[in-house]
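Residue numbers (the numbering used here): 10 to 362. Don't be surprised by glycine CBs; every beta carbon is placed ideally from N, CA and C.
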Amino acid sequence: MASPKFVAPEGMPKKNEVDDFYESVADADLQPLWVQKGIMPNEPPLAAVPFAWKWKTLKELAELSGELIPIDRGGDRRVLSLSNPGLAGQPYATQTLWGAVQYLGPGEVAPAHRHTPAALRFVIEGSGVWTLVNGDPVPMAPGDLVLTPSWSWHEHHNPGKIPMIWFDALDLPLARSLDAVFFENGPDQMVNRAVDPISKSELTYGTSTGLVPFDHADQTLFSPLFAYRWKDTDRALSRLIELSADGTASVKFVDPTRGIDVMPTMRCSMHRVLAGSRTRKYRRNGSSVWVTFRGSAVVSVGEERFHLDEGDMFAVPSWCALSIEATQDSDFFCTSDAPVFEKLGLAREELLD
Ligand code: GTQ
Ligand code: FE2
């Protein structure tokens, strides 16, 4: 006997018509909005977590990598990346930023290459390394910020007697998510170049406050000054903190020809907090990576609290409140994706105290 045929009441869609519809939609590689959950959350649902990496561990493992792992073509760089435990094993410090420690032993060279992700170095300890940026040799010393902007050739040389470890940051996760990553190796032939005492970039753009060459023409989106020296950063902070009412002072690294961020995707800043002082508690969207250059402090990031000493690094994910309370006079280097958020009209911030 044939099964009874149910007919939907007049005006109601027939059950199997609705099922058929969903099936046709899926078959056509479409999805209805009304079945989506959480596509437009009230606040960013964060994967990355507030996290800190201790210098002791970073240094020990960087040194061990120096003993065990050669620098060859293919690897190119002896780098340990900060891997945020919230990001499912990805080698990223935050959703948009790569952070890492790089180790270069005496006599070693990290060969030339270029890539569209922009990079910067902040030197923690050691000396004697210079980075060749588009052919311009830039010496590196503790506290210095060195830029290798998008698509600039760069190679690192350590002709000295001691190893050097520095902090790297790149906008690599952002560039990856935009499908904007290109990479190219330089010539294998290493040329033995003499080190100039000071880079052409600094001679041209870094020698006099408020003065740039008369005939400078904007050609790029990044700063033509590739190195910001600790002596200058320290002096600026020392003067500002004299004027400061709350024992904190911050400077932003800018393109000297335009006063804008050093690179279009990354903001760089340095923050001084005197012992016993605390920074105001803010949260912002966009993320940042921090390096404790000097001193010690307790930082609160979101719900977490970290005790930081020299060399310790930490990640501040989007929309996590940050406040730093110094237990000794402290200096922090920070890099963030803030310029991206500002240019796209997506920036938000909230003062929480
Ligand atoms: O020094 O060129 O941490 O290309 C990651 C990728 C450093 C570098 C990193 C790189 C470099
Ligand atoms: Fe690189």
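Flag Leu6 as yes when its Cβ comes closer than 8 Å to any non-hydrogen atom of the ligand GTQ, and as no otherwise. Residue 6 lies beyond the residue range present for the chain, which begins at 10 and ends at 362; the question has no answer from this structure.
Three-state class that DSSP yields for Tyr291 in the structure shown: If DSSP states are grouped into helix, strand and coil, Tyr291 belongs with the strands.
Using a 10 Å radius around the Cβ and a threshold of 16 neighbouring Cβ atoms, would you call His165 buried or exposed? Its Cβ being crowded by 16 or more others within 10 Å, His165 is buried.
For Val58, I'd like the list of residues in its chain whose CB is within less than 7 Å of its CB, leaving aside the five on either flank, ordered along the chain. Its chain contains Asn93, Pro94, Gly95, Pro326 as the residues whose beta carbon lies nearer than 7 Å to that of Val58, once the 5 sequence neighbours on both sides are disregarded; these appear in chain order.
If you drop the 5 nearest sequence neighbours on each side, which residues of the same chain put their C-beta closer than 8 Å to that of Pro172? Within the same chain, and ignoring the five residues on either side of Pro172 in sequence, the residues whose Cβ sits closer than 8 Å to its Cβ are Glu72, Gly75, Tyr112, Leu113, Gly114, Pro115, Gly135.
With respect to 8 Å, is the separation between the Cβ of Arg123 and the closest non-hydrogen atom of the ligand FE2 below this value? Checking every heavy atom of the ligand FE2 against the Cβ of Arg123, one is found closer than 8 Å.
Once DSSP output is grouped into helix, strand and coil, what is the label at Ala102? In this structure, Ala102 counts as coil in the three-state DSSP scheme.
Using CA atoms only, rank isn't needed, just tell me which of Ile48, Pro265, Ile333, Ser286 is closest to Asp255. If we check each option's Cα against that of Asp255, Ser286 comes out closest.
Mind checking whether the beta-carbon of Thr157 lies closer than 8 Å to any heavy atom of the ligand FE2? Indeed, a heavy atom of the ligand FE2 lies less than 8 Å from the Cβ.
Please report the straight-line C-alpha distance between Asp180 and Gly137, rounded to a whole angstrom. Rounded to whole angstroms, the gap between the alpha carbons of Asp180 and Gly137 is 26 Å.
Kindly give me the distance between the Cβ atoms of Leu154 and Tyr237, rounded to whole angstroms, as I take these residues to be in contact under 8 Å. Indeed, because the Cβ distance is near 4 Å, the residues count as touching under 8 Å.
Among Pro126, Phe231, Lys24, Thr242, nearest to Asp188 - alpha-carbon criterion: Ranked by Cα distance from Asp188, the options Pro126, Phe231, Lys24, Thr242 are led by Pro126.
For Asp177 versus Val271, is the C-beta distance shorter than 9 Å? No; because the gap between Cβ atoms is not below 9 Å, this pair is not in contact.
Taking DSSP's pairing of strands, which residues face Thr344 in a bridge? Paired residues: Cys277, Val298.
So, for Ala330: in the same chain, excluding its five sequence neighbours on each side, which residues have a beta-carbon less than 6 Å away from its beta-carbon? Short of 6 Å from the beta carbon of Ala330, and not among the five residues preceding or following it, lie these beta carbons of its own chain, in chain order: Lys290, Arg292, Leu361.
Are the Cβ atoms of Trp299 and Leu55 separated by less than 9 Å? Going by C-beta atoms, Trp299 is not nearer than 9 Å to Leu55.
Going along the chain, which residues put their C-beta within less than 5 Å of some heavy atom in the ligand GTQ? So the residues near the ligand GTQ by this Cβ test are Arg86, Val88, Ala109, Asp177.
Given the structure, does Ala254 come close to the ligand FE2, in the sense that its CB is under 8 Å from one of the ligand's heavy atoms? Outside the cutoff, so no.
Please tell me whether Thr344 and Arg244 are closer than 9 Å, where the distance is taken between their beta carbons. No, the Cβ-Cβ distance between Thr344 and Arg244 is not below 9 Å.
Hey, would you say the C-beta of His166 is under 8 Å away from at least one heavy atom of the ligand FE2? No; taking the cut-off as 8 Å, the Cβ of His166 has no heavy atom of the ligand FE2 nearer than that.
Give the single residue among Phe191, Phe341, Met279 whose Cα lies nearest to the Cα of Met322. Nearest neighbour of Met322 by Cα position, chosen from Phe191, Phe341, Met279, turns out to be Phe341.
From Lys46 to Ser309, what distance separates their C-alpha atoms? In this structure, the CA atom of Lys46 is about 32 Å from the CA atom of Ser309.
Given a cut-off of 9 Å, decide if Val260 and Ala335 are closer than it, judged by their beta-carbon atoms. Taking 9 Å as the cut-off, the Cβ atoms of Ala335 and Val260 do not count as close.
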